[in-house]
Amino acid sequence: MKSLYQLSTLVMTLLVLLGVSRASAQSQEYTMDNMTFGMPEAEVFTEDYHGPPVVGDYFTMLPNLAPLDYEGNKHHEVRLDAMIQEIEVANGVRYRAWTFGGTVPGPTLHVREGDRITFTMKNRSDEEVVITEPGSEASPYMQQIAGNNFMDAKPGIMPMPHSMDFHAGTVAKDDKWRTIAPGETIKFDWIANYPGTYIYHCGTPSVLMHTSMGQHGVVVVSPKDGYPTDYEVDREYVVVQSEYYLKKGTGDLYQYDFEAAQSKNPSHVVFNGHQTILHDQPLEANAGERVRIHFSNNGPSGTSSFHVIGAIFDRVWLEGHPQNEMRGMQTVLLGASGSATMDLIVPEEGKYILIDHEFADAEKGATGTLKAGPRK
Amino acid sequence: MQNLKLLFLLAGMLLLPLLASSQQTMTMNNAGLETAKTYHAESLHHMNAEWANQNGETIQLADYLGQPLVLVMFYGRCTGTCPVLIQRTWKLYSGIDVDIRDRVQVLAVSFDYKNDTPQALKEYAENEQLDIPGWNFVTAQQSDIRELAMLLGVQYRERSDGHFEHSNLITVLDAQGKIVLRSEGIKGGLSDTATAIEELFKSDLQ
Amino acid sequence: MKPVTFKLLLPTLLLFCLQFASTVMAQSAGIELPAGSFHSVLPEVVGEPHRVDIFLLDETAVTNSQFRQFLMENPRWSPSEIPALYAGNRYLQHWSNDGNYGDESLADLPVTRVSWYSANAYCGWKGGRLPTLNEWEYAAQLMHFNTAQEENLFSSELIGWYSAVDAKHTKPVGSTGIENRYGVKDMFGLVMEWVEDFKPPVATDLSLDCGTVGRMQGTSSMYGYAMSVRYITRMSFKATSTTGMLGFRCAYDYPENAESTKGKSSALMINHPNNQSTY
């Protein structure tokens, strides 16, 4: 009986060791300070995928932000494909853009600090992708675009290599941010270890060209314990500033102006990708409300001195971290890829202008409107 | 005692599947030999090229359907790494179990389509003492050599002086013509590779 | 006529005809480009120019009608028969049916959505090969610019082309009006082209990361910038890749029997008004 006991223990030990060795060989993940690092290697493959280019329940079109309707952390499985769309960026200005998801900036992803994201991206720059027919599995973003195609996006083809760089992710860039050829797909995991609003953009050289051509967007990572004023926030919006370097091409379309980009001389500086959209479709609030804005300066090269005419930012959390709290700022200076989450109290009924107070930028389009109704 | 044997059997049944699943590349899909034209999607047997060997015979990769194949790329006038690479291939070949070795074929493909004619390849094979059954030194059209190099992942470039800069690689194809093993460079042990080749044959026997 | 002269005449005529035929054949197989050297953007050999031997290069990219001929004689390369080993599933997708591109108005368009394998096979069928990366870049740089401004304008337009090309509407070969000084047409402005070694060994070191462009520019010339965009795009391909903007042309070894200047290098350095030095 004793020998039987000994043998079964031996067998069990062997099995456990085998199991453990196989498991640890596959995963190099580790935690440190409550953050998780050591993601598995990215996969690059060819898939026969013709479905919606944006998949995920927490993807929205600017300036909207999807509510986080879950407690704690979640494992998101998302897709955001790269493709070409011909879009309008200002009155009478259309160009063939390189995009993620079909608009510039691309869709906004909302997650919580600590969430895991399994990300898939197909390089569909060599195929025409329609973004105005969402279908049932598509994200809120696609539903919103279908109902509000303000860039008048039309499919195009311009095969180029592309990649994805999520500033919110902490990974080895030669693995996860690697470039894929047209027709290929990349898939990898990343963890939103830090809160804040983070740019994502194409990392294929020339990055200046790829981001100027439109491949950028933001991920809003909400802090796991929130901000101090969360319960008083009435409205929450996302605003992204970016530059275009465009010149007239042959024919009706505009095209990339390489010399302007190199000399930091944009043709347009805009909020949410279009010169007049935040005037045509202003942000809304009522007097006395607390409005939260997640603001990112996606660049690629300029700075932004963000101010709301008529208001002062009651709270500003630089880079969206609750511990980076500033009080009572008139203007927030953000470099390229910098961001801030800010609260303002709408003082009275009327019109407020969002503006990059570097007036050379403002006069190229870096303005928007917040329309305030009476106090409720 | 009976209980012991039973426990042992049970443990064995539990352990074996775990071991088997960790050897991904070795798993063979034995659907049997299908018609010659229907190759596995990734099979190099799709290559149409006709290779002429040192005896003037014509070989196609599809001829190897049903048996694993060792591939190496070199050229005759090479004084650099090729001699080492060929010897390394020989070392691998001779490290294979004697019973299995007779059925292992080696295809040594020359980059030098201009100089390495079948006759030159014959001389080379004789000088290397590798003009033996199972070893084929071959040449073909330039674009065929390019294609094979691309499929295997061998990089090479012809220099102005007629010599070739090239990477070093020994590849093993399985019975369906898919690449299952790659041994890069000219350093490192080969006993694992030899064992793996033996495994390929063993699973084919089942 | 004297009998001796007559006896001499016939063989002489025959010899003459043969020589003429061989030169005609050499000509019809592409344009001769003399040996020379050029500077690559890849930091393999710092500062050293890359030598290229004399070779022949197709005057234009391979057209739809030429590729159709290849498919007729080699049906295993047609979309319905080609194995996944050689091309992705969008191979020749824009052709109306299996071996045909459709309307004859499309005959002279450069063939696109072809993989490296099919391009390599085509060139082998034609008795040639794909040009090497260095041969292609060397031929592309054999442009004639009168002034630095002219070169910058060209480069600026080239970068514009890389970021604005309409891959849905390619134009016929020869239509760009861009020619190198030997008459090789459309190396820019029409389609990107396959080369034999599109991913040279040094590419793995470069890892196509954000900082690469800076390292690829020996001097900060616009021509170098355009070149780096092209190198990076080319290096991102796989041999099975096909895109609507990717075609190819063939190169041929200089025939051994012809009066060869092979080895007798004319050491033709590329003349770029912008830079006496390198890029």
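In the order they appear, the protein sequences are chains L, A and V. According to the working numbering, the first sequence is numbered sequentially starting from 225. According to the working numbering, the second sequence is numbered sequentially starting from 43. According to the working numbering, the third sequence is numbered sequentially starting from 42. Backbone N, C-alpha and C define an ideal beta-carbon position, used for all residues, glycine too. Computed from a predicted model, the values in this text were never measured in an experiment.
Bridge partners of D238/V according to DSSP: none are assigned. Per the DSSP secondary-structure output, T260/L pairs in a beta bridge with T255/L. D149/V is a Cβ neighbour of P213/V, given a cutoff of 7 Å. Residue nearest to H440/L within the set D305/L, M263/L, A314/L, L578/L is D305/L (criterion: CA-CA distance). No Cβ of chain V is located within less than 7 Å of the beta carbon of M366/L. With contact defined as three or more Cβ pairs closer than 8 Å, the segment 570-577 of chain L and the segment 531-539 of chain L are in contact. Between Y365/L and G325/L a beta carbon distance of about 7 Å is seen, short of the 8 Å cut, so the two are scored as contacting.
The shortest C-alpha to C-alpha distance from T284/V to any of H135/V, S78/V, E114/V is the one to H135/V.
A residue is called buried once 16 or more other Cβ atoms fall within 10 Å of its Cβ, and K400/L is buried on that count. By the beta-carbon neighbour count (other beta carbons within 10 angstroms, threshold 16), M550/L is exposed. Your pair T217/V and V232/V does not check out as a contact, with CB atoms roughly 10 Å apart and the cut at 8 Å.
Our two residues, P419/L and D449/L, have alpha carbons roughly 10 Å apart in a direct line.
Secondary structure of M550/L (DSSP, three-state): strand. Going by DSSP, L578/L is part of no alpha helix (DSSP H) but of the beta strand (DSSP E) stretching over 574-580. Below 8 Å, enough C-beta pairs join the segment 85-99 of chain A and the segment 158-167 of chain A to call them touching: three or more. Excluding five sequence positions before and after D294/V, the CB atoms of its chain that fall closer than 7 Å to its own CB belong to F96, given in chain order. Counting along the chain, no beta strand (DSSP E) covers K448/L, and no H or E run does either.
A distance below 6 Å between beta-carbons, with the five flanking residues on each side excluded, links H299/L to the following residues of its chain, in chain order: R340. In this structure Q197/A is in contact with S209/A, their Cβ atoms being roughly 5 Å apart against a cut-off of 8 Å.
The beta strand (DSSP E) runs lying completely inside the segment 110-142 of chain A and spanning 3 residues or more are 111-116, given in chain order. Selection E220/V, F239/V, F278/V evaluated against T101/V yields E220/V as nearest (Cα-Cα).
Per the C-alpha coordinates, the member of P125/A, T100/A, L134/A, H88/A positioned closest to T213/A is L134/A.
Taking a 10 Å sphere around the C-beta of E295/L, we find fewer than 16 other C-beta atoms and assign the residue as exposed. Within the segment 400-416 of chain L, the residues whose Cβ lies closer than 9 Å to some Cβ of chain V are W401, R402, T403, I404, A405, P406, G407, E408, listed in chain order.
Here E234/V has A102, W177, G288, F289, R290 as same chain residues with Cβ atoms under 7 Å from its own Cβ, once five neighbours each way along the sequence are excluded.
Within the segment 282-345 of chain L, complete beta strand (DSSP E) segments of at least 3 residues are found at 299-304, 306-314, 317-324, 332-336, given in chain order. Under a 10 Å Cβ-count criterion, E408/L is classified as buried, with 16 or more other Cβ atoms of the shown protein chains found around its own Cβ.
Runs of the alpha helix (DSSP H) lying entirely within the segment 138-206 of chain V, each at least 4 residues long, are 157-166, 174-182, 189-205 in chain order. Residue contact check for R188/A against chain V: a CB pair falls below 7 Å. Note that the C-beta distance between V462/L and P329/L is not below 7 Å.
Non-local C-beta neighbours of P116/V in its own chain, meaning closer than 8 Å and more than five positions away in sequence, comprise E122, G140, ordered along the chain. Nearest CB-CB separation between A189/V and chain L: not below the 7 Å threshold. Residue range 482-486 is occupied by the alpha helix (DSSP H) that includes F482/L. Scanning chain V for C-beta atoms nearer than 8 Å to the C-beta of A83/A yields P124, A125, L126, reported in chain order.
Distance check between K588/L and each of G512/L, L594/L, I579/L places I579/L closest, using alpha-carbon atoms only.
At a cut-off of 7 Å, the C-beta of A280/V has a neighbouring C-beta in chain A.
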